[in-house]
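Numbering (this note's numbering), first residue to last: 299 to 475.
Cβ atoms here follow ideal geometry from the backbone N, Cα and C, with glycine treated the same way.
Treat the numbers as computed from the prediction; the structure is a model and nothing was measured.
Working notes for the structure below.
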Amino acid sequence: NTGGQKLAVYTAKSAQKTLDELEKLFDYYVENKIHIIVYNKIEHYRQSNVGLHDNQAQNIGGVTRISGSKVFIYFNGDHTNLEMQIRAGIAEIVINHMMYGDNWKEMVKNSTLLTLPDWYVEGLVSYASRPWDVEIDNRVRDGVVTGKYNKFNRLTGVDAKYAGHALWHYISETYGI
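This is how it looks when you write it as structure tokens:
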């Protein structure tokens, strides 16, 4: 497709820069390759069933799909959106590898021993992939004011994502990273 090669080169450079930043942030280095599949158009992305899994709601990268060490993203003409998808996908992979291991044996062992609340992982991925902004501030304020965040450990979905993001942001601002 038109622009596919330029888009692939741009994505590869951005992904490498993002991976380097996130590995430094977490002081953890991913041994396996991360594969990024980028679609030129959102229509092609939506038609693909590659990378879909049963619980799509747990994927906190917005519409970014993750399958193992593969990230599926699309280009809608907005490079800022593409960068956010790249960062969210790579952040999720780095954090999953850090928490659960790189191979299936480690993942099975660690997933049975380590059960983390949704806000912890989803909030950490959100924090690592997106700076604090007006949207996050508004959602967190709404969650606090309406009492949604009163039962913090029971939060799921976008509530867990934004509440966790707020907590990680607070820790970073208070104690530094």
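Assigned secondary structure, residue i (DSSP; H/G/I helix, E/B strand, else coil)
| i | result |
| --- | --- |
| Phe-370 | strand |
| Lys-413 | It should be pointed out that residue 413 corresponds to Thr in this sequence rather than to Lys. Coil, per DSSP. |
Candidates the options, of which the one nearest residue i by Cα
| i | options | result |
| --- | --- | --- |
| Thr-416 | Ile-434, Ile-371, Tyr-460 | Residue 416 is actually Asp in this sequence, not Thr. The candidate whose alpha carbon is nearest that of Asp-416 is Tyr-460. |
| Met-396 | Asp-325, Ser-470, Thr-472, Tyr-308 | Asp-325 |
| Leu-380 | Ile-469, Thr-472, Lys-339 | Lys-339 |
Limits of the unbroken alpha helix (DSSP H) element including residue i
| i | result |
| --- | --- |
| Tyr-468 | 455 to 473 |
| Tyr-418 | 416 to 427 |
| Tyr-398 | 377 to 398 |
| Asp-440 | 432 to 443 |
First and last residue of the uninterrupted beta strand (DSSP E) at residue i
| i | result |
| --- | --- |
| Val-328 | Counting along the chain, Val-328 falls outside any beta strand (DSSP E), and DSSP gives it neither H nor E. |
| Tyr-337 | 333 to 337 |
Own chain, CB closer than 6 Å to residue i, minus 5 neighbours either side, in chain order
| i | result |
| --- | --- |
| Ala-313 | Ile-334, Ile-384 |
| Tyr-447 | Gly-441, Ala-461 |
| Val-423 | Ile-358, Ala-389, Glu-390, Ile-393 |
| Asp-376 | none |
Contacting residues, own chain, Cβ-Cβ under 7 Å from residue i (five flanking each side not counted)
| i | result |
| --- | --- |
| Ser-367 | Asn-330, Lys-331, Ile-332, His-333, Ile-391 |
| Ile-388 | Ala-313, Thr-316, Leu-317, Leu-320, Ile-332, Val-369 |
Anticipated Cβ contact below 8 Å, residue i with residue j, distance rounded
| i | j | result |
| --- | --- | --- |
| Lys-323 | Ala-426 | Correcting the residue identity first, residue 323 is Leu in this sequence and not Lys. About 6 Å; that satisfies the 8 Å criterion. |
| Val-336 | Leu-305 | 6 Å |
Beta-carbon proximity list for residue i, same chain, < 8 Å, skipping 5 on both sides
| i | result |
| --- | --- |
| Ala-458 | Pro-415, Asp-416, Trp-417, Glu-420, Gly-421 |
| Ala-310 | Ile-334 |
| Glu-471 | none |
| Gly-302 | Asn-338 |
Any non-hydrogen atom of the ligand ADP within 7 Å of residue i CB
| i | result |
| --- | --- |
| Ala-386 | This structure simply doesn't include the ligand ADP, nor any ligand for that matter. |
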